[in-house]
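The structure appears right after this line, and notes come after that.
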Amino acid sequence: MIHSNGNNGYGNGVMTSASPTTTSLSPSSASANGQSTQQQQGLKTYFKTPEGRYKLHSEKTHPPGILPYSHGKSVSQITLAHLKEKPTQAGSASSSGASTSSGVRYAAARLLGVGGGNGSRALSFVGGNGTSKAANGTSRSSSLAASNGSHSMLNSNYDGKGTYMIFNVGDSLFVSDLNTQDKDPIKSLHFSTSNPICHSFDPEAKDGHDLLIGLNSGDVYSVSLRQQLQDVGKKLVGAQHYNKEGSVTNRQDYRCTSVAWVPKADGAFVVAHADGNLYVYEKSKDGTGDTTFPVVKDQNQFSVAHARSSKSNPIARWHICQSSINGIAFSTDGAYLATVGRDGYLRVFDYQKEQLICGGKSYYGALLCCAWSMDGKYILTGGEDDLVTVWSMEDRKVVAWGEGHNSWVSGVAFDSYWSSPTSDGTEESVMYRFGSVGQDTQLLLWDLSMDEIVVPLRRCPPGGSPTFSTGSQSSHWDSICPVGTLQPAPSMRDVPKLSPLVAHRVHSEPLSGLIFTEESILTACREGYVKIWVRPSNSESQSSNPEIPVGNSSKEIPPVPGKTGASSYKSVHL
Amino acid sequence: MGAAGSKLEKALGDQFPEGERYFGLENFGNTCYCNSVLQALYFCVPFREQLLDYYANNKSIGDVEENLLTCLADLFSQISSQKKKTGVIAPKRFVQRLKKQNELFRSYMHQDAHEFLNFLLNELVDILEKEAQVVKSDPETSSPSDKIANGPKNAQANGALKEPLVTWVHKNFQGILTNETRCLRCETVTARDETFFDLSLDIEQNSSITSCLKNFSSTETLNAEDKFFCDKCCSLQEAQKRMKIKKPPHILVIHLKRFKYIEQLGRYKKLSYRVVFPLELKLSNTMEDADSEYSLFAVVVHVGSGPNHGHYVSLVKSHNHWLFFDDENVEMIDESAVQTFFGSAQEYSSNTDHGYILFYECLGSTSNKS
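The following block contains the structure:
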């Protein structure tokens, strides 16, 4: 009874309210498009920041009139993928992948190297109850085939170039072309037995398989995105299947919560599950060997077990915690892996050494998402305490709490393309820009200034007292955190608070993710509706041009704020 | 129903908690408001234990007149002493007593679970206070050292009841709010304490309990029609008012104001807003520094689209398992299923199961141990 209610509640609102406007829209006029949709929802199509206006450029969602069937409630997530050029020989996935030059990786890394570092962002609130209604798959797929005739045309003309966005809704995975104003996806893939929950794209993939898909059932697939785009069908083609029907995971709650390629690891990837385990796979391996792992001895302790056989895939199991792992993120260099979970803890691991480095607890409640700064110095987390937490790797402590969301924080990311307008290499201007989205339907942007955070946090000259703390009782700043220990929740008065620079209600549904690209900010809601907000341009005349390509990759790599900040950051607190 | 019981037993298997009983409650025609609250109270372990203690003490006295307290104690003791681990019980005497006591609950009309909870707690307190006064007038049974009224035997004696009696019901549920009003003319701050058994919170679409609590404590300006009478200025003045939690309760009961009177319609309307509640919570709007952590252990859920009809069920956490109580039926559910009761992000939705009363217990506090 509970389950059926959850299912019935799924997505009704957005689809009914969005489809009438969708059909009447002309895809070429983005601004008119946005306004007509937004007026009825009372949402603005722009928001102001000190550097200018961010404007709604386009929207992406699943095809109108098609309500993807859902095997239980699942939350939409977005992944960006950049494909540069058409493969020299069309055909097998491996040859197309091999032909992509290093230039592809460079450009793609630039587009994706934000936040999670791999373009994937995990959200916890996948409430997969594992319910399975008898699917009326046959009737639905036939109607799909009819209505999607135009899309298969598109697919045959597909030139293999561009920036794509992958998102899941119900039992389907959709691929949209970010370079067009087209609201509808160019590709939809259906999963008959379980919902896709999480996905990750590898810009550095050496052979064809660059897209990972994790399912509610615990199954994982790796495929070539290019190959999917070339195919006209609704099913995955050329997929490799891992953890088939839970052959590896066999505990009750084994749904996938997050997948990620290991940066610079040539095809290794990790899959986090709701049972608190994370598995390491290598895509080159078949996984025909023994895939069982010894029983976890102490459920409360972090432990790593390696496969008994060298043929096995997965090659290792990390037991991280007893409850669900809600999100994972690799640092850009791949050295560290951060996880957040139901137990409220952020954990940071040295990936190569398989060791817990540090971590700490939320103020209260589960943590839902995490992201690294480009320079690997800070980690953002968001969760059920409505706070955006800034974790310092150097201090191994929480250094700031962002207060501003009116509900749970479901997505966080650093904006690595942003540089302080006054940035001239002087110490005062060391800043990070980051964003967060929440179940309050708001996008918040934040500035993290080193002067505000680092200085008060450090001890003042001998004799002085900390400038922010109310007294000396606080142990949060005094204690040194040994490597490998987890910090308890700090108390409210111990942590400096940040206020958002901008708070903007971007959707009418709770949000699930955000991605910064060089040209824009992408926001996604739980029901699979994505908005693309174009950054303010230097001159307003430029920004009035509706033909700004979103996924344009022909520009120079932007300065990474963290890099210029590295030296001055140190000097602030010396 | 016997089969349903064994199904639950099977589901729990060897994890069935020692000594625990999971019993459904029979519905006597629109008494789900009562059943859902009773289940939440039964799985409020400190309350249950103290009620059973009281019952044990009271039995020895023997001829106490039947009242809601004895009926409730009777019911809880009946459940806890069942031979079977699962099954169904008819809370007949309790419901009869309730209907006798309060005409509001006499009809077969749909009742409000929050009103019932409020009535019940206040009634229990009244009964305990009356008993304490009877004991007070009987000097032989007085025991001045014990300030806690746990049954008539150890009530506060010594005549001078200057402070209101603190019963075990108070010890569990009572918190203190401070209502601070600052006159904008003379700047004088008037602080008035009030006690509460639950917090009734205004809700907003797509918000969290944390945010609703923040709004509850936010500063409100009293002006225009709604001025404040300042004792110092001896006149109505503009003022700023805010509510702070002075003493957080051991059991924090949060009531979401989902039934709102809409003046234009001339009737109540149910707000199906999506209000998320975390399984762990801290109160940051307290006067004390201690950020004590609360853990969610029960949710009374209103099912239905309108205020005057519908159904109540409850979710209960017992020994780290979540259970779903729907009158006679008891099922085990996954912790992640709790999120399906948050409400709807859109106004018109087929999901009508909404968390209505939340029960949180303070972790790591022993204030209730008497």
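Order-wise, the sequence lines are chains A and B.
Using UniProt numbering, read the first sequence as starting at 1 and increasing by one per residue.
Using UniProt numbering, read the second sequence as starting at 1 and increasing by one per residue.
Just so you know, even glycine gets a beta-carbon here, dropped at the ideal spot from N, CA and C.
In the three-state reduction of the DSSP assignment, B/Cys-71 falls in the helix class, which pools H, G and I.
With respect to the 8 Å criterion, A/Ser-508 and A/Leu-56 are not classified as neighbours on the basis of their beta carbons. Residue environment: B/Gln-15 is assigned as exposed (fewer than 16 neighbouring CB atoms within 10 Å of its CB, all protein chains considered). Using a Cβ distance threshold of 8 Å, B/His-302 and B/Arg-258 count as a contacting pair. Between the segment 500–507 of chain A and the segment 192–205 of chain B, the count of Cβ pairs shorter than 8 Å is below three; the stretches do not touch. Taking 9 Å as the Cβ-Cβ cut-off, the segment 346–377 of chain A approaches chain B at Ser-362, Tyr-363, Tyr-364, Gly-365 and Ala-366, given in chain order. In terms of Cα proximity to A/Pro-63, the closest of A/Leu-189, A/Gly-513, A/Lys-206 and A/Tyr-417 is A/Leu-189.
Residues of the segment 390–417 of chain A that bring their beta carbon within less than 7 Å of a beta carbon in chain B comprise Asn-406, Ser-407 and Trp-408, in sequence order. Residue burial is scored here from C-beta neighbours: A/Tyr-164 has at least 16 other C-beta atoms within 10 angstroms and is therefore classed as buried.
As a beta-bridge residue in DSSP terms, B/Glu-361 pairs with B/Ile-251 and B/Ser-295. For B/Trp-322, the pairing in a beta bridge is given by DSSP as B/Lys-317 and B/Ile-333. Taking CB atoms only, A/Pro-510 has a neighbour in chain B less than 8 Å away. DSSP places A/Val-237 in no beta strand (DSSP E); its state is neither H nor E. Here the C-alpha atom of A/Ser-74 lies approximately 51 Å from the C-alpha atom of B/Glu-129. Under the Cβ criterion of 8 Å, A/Thr-45 is not counted among the residues facing chain B. At least one CB of chain B lies nearer than 8 Å to the CB of A/Thr-441. By DSSP's assignment, A/Asp-177 forms a beta bridge with A/Tyr-164. Taking C-beta separations shorter than 6 Å and ignoring five residues to either side along the sequence, the partners of B/Leu-222 in its chain run Phe-228, Ala-239 and Lys-241, following chain order.
Taken through DSSP and simplified to helix, strand or coil, A/Tyr-378 comes out as strand. A distance of 8 Å or more separates the beta carbons of B/Leu-75 and B/Phe-105. In the assembly as shown, B/Ala-224 is an exposed residue. Its beta-carbon has fewer than 16 other beta-carbons within 10 Å. Assigned with DSSP and collapsed to three states, A/Tyr-254 falls in coil, not helix or strand. The beta carbon of B/Thr-210 sits closer than 8 Å to some beta carbon of chain A.
A Cβ-Cβ separation of about 12 Å leaves A/Ser-373 out of contact with A/Phe-516 under the 8 Å criterion.
A Cβ-Cβ distance of about 15 Å is found for the pair A/Leu-511 and A/Gly-402, leaving them out of contact under the 8 Å criterion. Following the DSSP letters along the chain, one finds B/Val-95 in no beta strand (DSSP E) but inside the alpha helix (DSSP H) bounded by residues 92–101. The segment 165–173 of chain B makes no contact with the segment 206–219 of chain B; the number of CB pairs closer than 8 Å stays below 3.
In the structure shown, B/Ala-239 falls within a strand segment according to DSSP collapsed to helix, strand and coil.
A/Gly-344 is positioned such that its CB atom lies no closer than 8 Å to that of A/Trp-391. At the C-beta level, B/Asn-206 and A/Gln-439 come within 8 Å of one another. Listed along chain B are Pro-278, each with a C-beta nearer than 7 Å to that of A/Glu-384. For the pair A/His-476 and A/Asp-395, the Cα-to-Cα distance works out to about 11 Å.
Residue environment for A/Ile-328: buried (at least 16 other C-beta atoms within 10 angstroms of its C-beta). In this structure, the CA atom of B/Arg-185 is about 38 Å from the CA atom of B/Leu-271. A/Met-492 belongs to the set of residues whose beta carbon lies under 8 Å from a beta carbon in chain B.
Burial state of A/Gln-301 is exposed, judged by a 10 Å Cβ sphere holding fewer than 16 other Cβ atoms.
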